[in-house]
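Asker: Protein chains in written order, with the working numbering: chain X, 66 to 319; chain L, 195 to 495; chain P, 128 to 406. Built from N, CA and C at the ideal position, the CB exists for glycine as well.
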């Protein structure tokens, strides 16, 4: 515990100082673009900390979750199958790599045309965008499993589902998680942009509305909120990572 | 270019795209995309051939399914219409102006981000005290989605290129910074001690020890940053309206010129491929002589 | 099915061995690789057999296809021609009567599982119930001297201990034949000596049939009841040397004995000639 207080200080000093600095420096600001932090915080409370605000937050996160999870499951299933079969990979990887190279946000108008302005199109866009990094990383993770481990399974006749859960998935996990991190950040971008571009609700929609109506403190409150959500989701991802890859991280420290 | 009401395109055009598909497959091939710089994996001829077949099947389906009615042709124009629109694009100055605009924003943003990230990364990595105090701030700022800044960018700069740059730089900066920090952390302490013993000042140590070690990571960061920069450039155009490819897509969509829209999506994809190929080529060039010591996993393909 | 009761068996004197069928018979084994347009004959003609309970070492010059041979015996690689027969049944793929200890111990253990789970995994796959698995795991860990290490992760252990875990996993599997592919090549000399003695102990206590591949001539003479000396590629059996150094062996005494020196020189000369023939 001797390092607790110094560590706490080191971790919180700069962020807190920056925050206070922002607050003070902007407190009598007449600048149109950068209102006083105090006002922003007040707007934050007014806009988001109530049933309506929660509703918009919830619907955005809901779309994000469904889109991301759908792609994750698809990646795991198809990724494992393709990772195990060289010929299947040969046929499909170039096409996948092309899809992955398309900047995901460009698909938003496409999906707008195809499935309109509702939830389904946003979920589809999020899914499509975060699929490629996760799928390709899963394939890579499965493909590059250590041959000695594979031989071990052959010798001891470990096959089928047991092999999938004892060898394939854990061995590919580090690479799969790398893909998930990229996928998550793409999913967040798509969630926000799809709502800014074509939506009637959600965080992105609200923020762009504030901008259009020049409600600046409210707009900033939205920016803060998105930042906060980004950080929280990243923390959540970290928790999942530690849970899945605890053994990996500890084995690397050596 | 927008609202083109061209006559029905010749059906030979799908064949013309198979050529580039072959090139694409050779460049990427199977399992060469996610390799580290070592380039030890080479595309074999059967794999290339299969890759082209795979592409061909995909294009075939794209052509057949709308034509046969399995996909609503209203929303999914058959492939040959899209290819035709793409060829019309290639002949259109508006298209090339948009591409140039996007490329410009991408490049400027990437360079600014790289220089800033290298500077910050080297300083933070070399002065442990600074890192200890700023690590939490960076971990906090990093996950903030750059698209959250879109409203601010619109307010401050409108459709001037600076609004795109704000987003691009912000996003690419973090990608590159993280990689450089990995790199600086990887520096051999024995090498640093040796340098200190020989009287090298802090700046010299950075130049002669830290930077060369961090270089492979910096290049990886450059590659990751390059693709993020393109995504943000196009996104800014899409949402804000800067006159680049993204904006053209939005225009095509609102005019319901679907073959046009899809052709622009393909064009954006081609740009993405080019950015990636360019970044990997630079990676190979710069690091050909450099022993690659990093772990594969830290690189997010 | 292998012995169910207790892992420790009575040490069976050679004379009482079952002489009806060899435990492992390799007959005219040949393996040719296709490399693009060229074909490489790795193994030309290997023939030898093991009786039940024998400990036979295989040595040869580097590049002699020792690992290829072992993989063919294990059923991991299909030979081009010739036969591998295990306890009367031809080997067409990995069989439950065979276990392998690989050279790369660090890479053959699953890092996401604890030692105990690593040893248990093949037993789960072969369908034994929980109580029996527990017993086998405990006994095999004890046999290799790792009774207290069950809850550790492999990467927390030293190289020698990791190899012991791999050995424990193999013997818990209760195979009829244990194949060891240069298992101590990547281990320091001190640890190697301990592990060699461990192999002898396990062999004596459990009456296992062991094929031990090595490039270390001294090790092969120290460990083996017989040493099969392979030629350089394309490989065949040069000689089958009987090691008459007695049942109990000691790192100091046995290695210092004149007979050890003679046997060692004999095999060394064979291998040296094989290398020169090649070049």
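Below 8 Å on C-beta distance, what does residue 199 of chain X contact in chain L?
Answerer: The premise fails here: residue 199 of chain X is roughly 11 Å from chain L at the closest Cβ pair, so nothing lies under 8 Å.
Asker: Counting only beta-carbon separations shorter than 8 Å, does residue 442 of chain L have a partner in chain C?
Answerer: Protein chains in the displayed structure are X, L and P, and chain C is not among them.
Asker: With a cut-off of 8 Å, does the C-beta of residue 373 of chain L fall near any C-beta of chain X?
Answerer: So, not an interface residue.
Asker: Kindly list, in the order they appear in chain P, the residues whose Cβ is closer than 9 Å to that of residue 235 of chain X.
Answerer: Within chain P, the residues near residue 235 of chain X are 237, 238, 239, 240.
Asker: Going along chain X in order, which residues have a C-beta closer than 8 Å to the C-beta of residue 234 of chain P?
Answerer: In chain order: 211, 213, 214.
Asker: How is residue 480 of chain P classed by DSSP in three states: helix, strand or coil?
Answerer: Absent from the model: residue 480 of chain P. The displayed extent of chain P is 128 to 406, so no value can be given.
Asker: Measuring only the C-alpha atoms, how far is residue 356 of chain L from residue 347 of chain L?
Answerer: When rounded, the distance between both Cα atoms is 8 Å.
Asker: I think residue 176 of chain X touches residue 189 of chain X, with their Cβ atoms under 8 Å apart; what is that distance to the nearest whole Å?
Answerer: Their Cβ separation, rounded to whole angstroms, is 5 Å, which keeps residue 176 of chain X and residue 189 of chain X in contact under 8 Å.
Asker: By DSSP, does residue 161 of chain P sit in helix, in strand, or in coil?
Answerer: Residue 161 of chain P falls in the strand class under three-state DSSP.
Asker: Please confirm if residue 331 of chain L has its CB atom under 8 Å from at least one CB of chain X.
Answerer: Yes, because at least one Cβ of chain X sits closer than 8 Å to the Cβ of residue 331 of chain L.
Asker: Going by DSSP, what residues sit across from residue 367 of chain P in a beta bridge?
Answerer: BP columns for residue 367 of chain P point to P/355.
Asker: Would you list, in chain order, the members of the region 267 to 299 of chain L that have their beta-carbon closer than 7 Å to a beta-carbon of chain X?
Answerer: So the list reads 269, given in the order they occur along the chain.
Asker: CA-CA distance, residue 415 of chain L and residue 283 of chain X?
Answerer: If you take the alpha carbons of residue 415 of chain L and residue 283 of chain X, they lie about 35 Å apart.
Asker: Flag this pair as yes or no: are the beta carbons of residue 226 of chain P and residue 297 of chain P separated by less than 8 Å?
Answerer: In contact: residue 226 of chain P and residue 297 of chain P (Cβ atoms closer than 8 Å).
Asker: Please tell me whether residue 308 of chain X has its Cβ less than 8 Å away from any Cβ of chain L.
Answerer: So, not an interface residue.
Asker: On the three-pair Cβ rule with 8 Å, is the region 270 to 290 of chain L touching the region 451 to 466 of chain L?
Answerer: The region 270 to 290 of chain L vs the region 451 to 466 of chain L: in contact.
Asker: Name, please, each residue of chain X whose Cβ falls closer than 7 Å to the Cβ of residue 452 of chain L.
Answerer: Per Cβ cutoff of 7 Å: 178.
Asker: For residue 245 of chain P, count neighbouring Cβ atoms within 10 angstroms of its own Cβ and tell me buried if that reaches 16, exposed if not.
Answerer: When all chains shown are included, residue 245 of chain P counts as buried.
Asker: Please determine if the region 203 to 223 of chain X and the region 286 to 296 of chain X are in contact, where contact requires at least 3 C-beta pairs separated by less than 8 Å.
Answerer: No contact exists between the region 203 to 223 of chain X and the region 286 to 296 of chain X.
Asker: Grab me the residues of residue 328 of chain L's own chain with a C-beta within less than 7 Å of its C-beta, minus the 5 sequence neighbours each way, in chain order.
Answerer: For residue 328 of chain L, where only same-chain residues beyond five positions count, the Cβ hits under 7 Å are 318.
Asker: For residue 204 of chain X, which residues of its own chain have a beta-carbon under 7 Å away from its beta-carbon, when the five flanking residues on both sides are left out?
Answerer: Excluding positions up to five away in sequence, the list reads 144, 147, 148, 154.
Asker: In whole angstroms, give me the CA-to-CA distance for residue 307 of chain L and residue 313 of chain X.
Answerer: Distance between the alpha carbons of residue 307 of chain L and residue 313 of chain X: 32 Å.
Asker: Residues of the region 332 to 353 of chain L with a CB closer than 7 Å to any CB of chain X: list them in chain order, please.
Answerer: Answer in chain order: 334, 337, 338, 339, 341, 342, 343, 344, 345, 346, 348, 349, 350.
Asker: Quick one: any contact between the region 258 to 266 of chain P and the region 464 to 479 of chain L, if contact means 3 or more CB pairs under 8 Å?
Answerer: Judged by Cβ distances under 8 Å, the region 258 to 266 of chain P makes no contact with the region 464 to 479 of chain L, as fewer than three pairs qualify.
Asker: If distances are taken between C-alpha atoms only, which option among X/76, X/106, X/234, X/170 comes closest to residue 324 of chain L?
Answerer: Nearest of X/76, X/106, X/234, X/170 to residue 324 of chain L, Cα basis: X/76.
Asker: In its own chain, which residues sit with a C-beta less than 6 Å from the C-beta of residue 212 of chain P, not counting the 5 before and 5 after it?
Answerer: Cβ within range, chain order: 152.
Asker: With H, G and I counted as helix, E and B as strand and the rest as coil, what does DSSP make of residue 175 of chain P?
Answerer: Strand, per DSSP.
Asker: Within this structure, are the beta carbons of residue 354 of chain P and residue 365 of chain P separated by less than 8 Å?
Answerer: No; because the gap between Cβ atoms is not below 8 Å, this pair is not in contact.
Asker: At least one CB of chain P closer than 8 Å to the CB of residue 222 of chain X: is that the case?
Answerer: Chain P, which has a Cβ nearer than 8 Å to the Cβ of residue 222 of chain X, makes this yes.
Asker: What's the C-alpha gap between residue 182 of chain X and residue 93 of chain X?
Answerer: C-alpha separation (whole angstroms): 42 Å.
Asker: Measuring CA to CA, which of X/160, X/299, X/236 is closest to residue 238 of chain P?
Answerer: Looking at the Cα atoms, X/236 is the closest of the given residues.
Asker: Can you give the beta carbon distance from residue 426 of chain L to residue 292 of chain L, rounded, assuming they're within the 8 Å contact cut?
Answerer: No, residue 426 of chain L and residue 292 of chain L are not in contact; Cβ-Cβ is about 16 Å, not under 8 Å.
Asker: If you measure between the beta carbons of residue 174 of chain X and residue 444 of chain L, is that distance less than 8 Å?
Answerer: In contact: residue 174 of chain X and residue 444 of chain L (Cβ atoms closer than 8 Å).
Asker: In terms of residue numbering, what span does the alpha helix (DSSP H) encompassing residue 233 of chain P cover?
Answerer: Segment 232 to 235, the alpha helix (DSSP H) holding residue 233 of chain P.
Asker: Is any beta-carbon of chain X found at less than 8 Å from that of residue 357 of chain L?
Answerer: No, because no Cβ of chain X sits closer than 8 Å to the Cβ of residue 357 of chain L.
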